[in-house]
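Residues 1368 to 1991 (my numbering) make up the sequence shown, in order. These notes are about the structure you will find just below.
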Amino acid sequence: MLQLGLSLPRCPGGAAAAFPMAEPAAGEEPGPGPEGLGSSPVTIVVTSEADTWDIDTSPGRGCGPFVDWAKMPEAQGPARIPRDVLGRPPKELKRLAREGCWAGSHAGRARLYPRLIQRVSCRLVTPDALVYRDVAGRLFGKRSVSSHPLPEFLEGCPVPTYCLSPHGVAALKKILICVGALFPDITHSPLLPALAALLLHYSEDEAQCFESLSRLIASNAPHAAYIDQSFLAHQASCMTFGDLASKHCPAAHKLIAGAADNVLEVYSEWLSWLFPGLPLAYAVRVLDVFLLEGQKVLYRIALALLKQFRLSAAPAGPQGSDVKAELQAFARNIAQHVTVDKLLERAFGIRLFSRKEIWLLHMANRKALVERGITVVQRRPSFHLAVDMQKFSSSTVTAQEMRLVWSWLPERFSLFPPLLLFSTCQDGCSLQRFYTCCEGYEPTVLLIKTTEGEVCGAFLSSDWAERKKSGATSGFFGTGECFVFTVRPEAERYEWVLIQRPELAKAVPRSRQRSPSPAPESPPGSSRDSPSPKHLAVPSAQGRGRLSPFLAIRHFLLPSKTASMFMAGSRDGIVIGGGGGQALSLDASLLRGHTERCETFDNPPLCRENFQVQLLEVWGFQSA
């Protein structure tokens, strides 16, 4: 393996670093010069953050030696870029970008993008334009770029060219090849080629585009990643989007769950709805805000697209059998359904969790994938992510109904196949037996079939053993990930009222919060030191950090305690949901139950108010 030595300028502390260089492909000759690639040092310059450039607000081209102007869409009306835009505070810049302040000037974007990217916090030593010129000269010289294969991390990733000319397409390939050489740790990155292509439209040369892309790759801003750089990170982002879609787009989620065998497979393509799915005029508006706000913006836009897809779909749902293809086609033709301004307005009207909270959810999903065998270095999945329901057998629901219930679960749990823990037809109608079979498992899914043929249930986030702990208010425990649902005659989910109506509560001020970070490791020798086979090890079954922390009640100023009564158990029976009523309650015989509206889930009765139980099952999650 050849190594590219990098000599660095003297910075405070005299720091130095080296970027490993990819080995040339078989049959390739080294770059120009008798000593070949990597024979002499490359200088890296730490760029300044001066922001004194004037921004050109003319609507003219002002950019794009790599652009085919016959294909390039016209700028959207007159530019409204303030002359002092770079001096505005970050919050004001975000507002201007969201409103399309520089959508009216290609030249304005060309001058503004590099300066905005210079403000991105990144590693101290990051390859820049000078590095690119040196490395590109050594790699390509005057030879055609076609003799160099694209980096392996692009395998299976679309490389959109938008409105680039043939010269621009060649430049794009060279930039991506150099990225692969200077960032050898990247193993999978579907977003990266689209970003490179978009930035190249507004770059004065290849080196400037590379430097901008390099800073986004090397960003170290806390909880604000720009580009996923491994299959593990990308798949965790897909799962995180699935979690957000389930909560913020319930109608669209239900539509997709009914049309697709594998919901996660559909959501695994969410990023391609935006890049390269959206037309250029929409994609650059997304880029405008992405450069200032990071990946959270992409979640917002994709959620808005999903909502619009549901609004535009026929009443019977998707017309074809391939909902993935229909979503891709919808994104390509988005201009027929909604303007870019309206799309962004709807996207920023969605009340998402904070950047840090989304990051915590992403890390929980990442941990679940590691549990299933996904690694940082692999380029392709080594297993089928979807739950295989072909062998599923239940006395209460069909495989198709269970697939729908599974689609409602947090993505990190839906990776795992269902495991029957308790059934009244096998274990008898005993509450004590119910507790014995279910303790040690979390989360669990409760399914009830009444003598009238109705089916309802609950997703319960916490171990039933929690009922034994002292200090739980009113005997209730659990987190805001709990929900209740109906399956028959109609399928519907009822989540925590604060997810349905977040305006009812405010987040606890940071000064009053406990840290939401995962709990520390248990001391060696403790009962939690290593999970037994019946414990789902993902997320960690350790204290308060085991579930998504932003749904723990300690992070909210609740309107009343009755808004957080998730689950409770005693020797007399179990209760799910409280406050003004109980969503579900069962007596000690597990034969008689009651359901009514409760404040925790704001649900209607899930079946006949007073019902007889025909069958009851509890399902857990079987770890790999």
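Glycine included, every Cβ here is placed at the ideal spot set by N, Cα and C. Quantities reported herein were computed from a predicted structural model and do not represent experimental measurements.
Exercise for the section: Note down, in chain order, each residue of its chain lying with its Cβ closer than 7 Å to the Cβ of residue 1669, except the 5 sequence neighbours on either side. Expected result: 1608, 1637, 1640, 1641
Exercise for the section: Pull up the distance between the alpha-carbon of residue 1863 and that of residue 1967, whole angstroms please. Expected result: 6 Å
Problem - Whole-angstrom distance between residue 1461 and residue 1660, CA atom to CA atom - result: 7 Å
Exercise for the section: Indicate whether residue 1853 and residue 1823 have their beta-carbon atoms separated by less than 7 Å. Expected result: yes
Problem - Sequence-distant residues of its chain with Cβ nearer than 7 Å to residue 1956 (five each side left out) - result: 1796
Exercise for the section: Mind checking who residue 1934 pairs with in its DSSP beta bridge? Expected result: 1844, 1943
Problem - Range of the contiguous alpha helix (DSSP H) that encloses residue 1502 - result: 1496-1507
Exercise for the section: Within 10 angstroms of the Cβ of residue 1819, are there 16 or more other Cβ atoms? Answer buried if so, exposed if not. Expected result: exposed
Problem - Three or more C-beta pairs below 8 Å linking the region 1766-1786 and the region 1733-1744 - result: yes
Exercise for the section: Tell me whether residue 1774 is buried or exposed, calling it buried when 16 or more other Cβ atoms sit within 10 Å of its Cβ. Expected result: buried
Exercise for the section: Could you check if residue 1561 is buried or exposed, using at least 16 other CB atoms within 10 Å of its CB as the buried criterion? Expected result: buried
Problem - Length of the line joining the Cα atoms of residue 1678 and residue 1716 - result: 16 Å
Problem - Other residues of its chain near residue 1812: CB distance less than 6 Å, five sequence neighbours each side excluded - result: 1826, 1986
Problem - Residue environment, residue 1436, which counts as buried when at least 16 other CB atoms sit within 10 Å - result: exposed
Practice task
Closer than 7 Å by C-beta to residue 1707: which residues in its own chain qualify, once you throw out the five before and the five after it? Chain order, please.
Solution key: 1648, 1649, 1652
Problem - Inter-residue Cα distance where the pair is residue 1457 and residue 1483 - result: 10 Å
Exercise for the section: Mark residue 1455 as exposed unless 16 or more other C-beta atoms lie within 10 angstroms of its C-beta, in which case mark it buried. Expected result: exposed
Handout entry: 7 Å Cβ shell around residue 1468 - same chain, five flanking residues per side excluded
Key = 1447, 1448
Problem - From 1490, 1601, 1731, residue whose alpha carbon lies closest to that of residue 1524 - result: 1601
Practice task
Look at the alpha carbon of residue 1937 and the alpha carbon of residue 1676, and state the distance between them as a whole number of angstroms.
Solution key: 46 Å
Problem - residue 1844 vs residue 1829 beta-carbon contact at 7 Å - result: yes
Handout entry: Whole-angstrom distance between residue 1768 and residue 1857, CA atom to CA atom
Key = 11 Å
Exercise for the section: Taking residue 1478 as the reference, give the member of 1491, 1950, 1452, 1620 with the closest Cα. Expected result: 1452
Handout entry: the region 1577-1584 touching the region 1544-1560, judged by at least three CB pairs closer than 8 Å
Key = yes
Handout entry: Residue environment, residue 1803, which counts as buried when at least 16 other CB atoms sit within 10 Å
Key = exposed
Exercise for the section: Could you check the C-alpha separation between residue 1516 and residue 1860 for me, to the nearest Å? Expected result: 49 Å
Exercise for the section: Report back the beta-carbon spacing between residue 1433 and residue 1538 to the nearest angstrom; my notes put them in contact at under 8 Å. Expected result: 5 Å
Handout entry: Proximal residues to residue 1759 (C-beta, below 7 Å), its chain only, five neighbours per side dropped
Key = 1766, 1769, 1785
Handout entry: Local conformation of residue 1751 per DSSP, three classes
Key = Confidence is the limiting factor: at residue 1751 the pLDDT is only 48, short of 50, which leaves the residue's position unreliable, though a coordinate-based value still follows. Residue 1751: coil per DSSP, three-state reduction.
Exercise for the section: Please name the residue or residues paired with residue 1815 in a DSSP beta bridge. Expected result: 1823, 1983
Practice task
Can you tell me which of the three DSSP states residue 1992 falls into?
Solution key: Beyond the ends of the chain as shown, which are 1368 and 1991, falls residue 1992; an answer cannot be given.
Handout entry: Three-state class that DSSP yields for residue 1802 in the structure shown
Key = helix
Practice task
Between the Cα of residue 1612 and those of 1465, 1720, 1475, spot the shortest distance and give me the residue it belongs to.
Solution key: 1720
Problem - Status (buried if at least 16 other CB within 10 Å, exposed otherwise) for residue 1763 - result: buried
Practice task
Would you check if the region 1621-1634 and the region 1690-1709 touch, i.e. whether three or more CB-CB distances between them fall below 8 Å?
Solution key: yes
Practice task
With a threshold of 16 other CB atoms inside 10 Å of the CB of residue 1946, please say whether the residue is buried or exposed.
Solution key: buried
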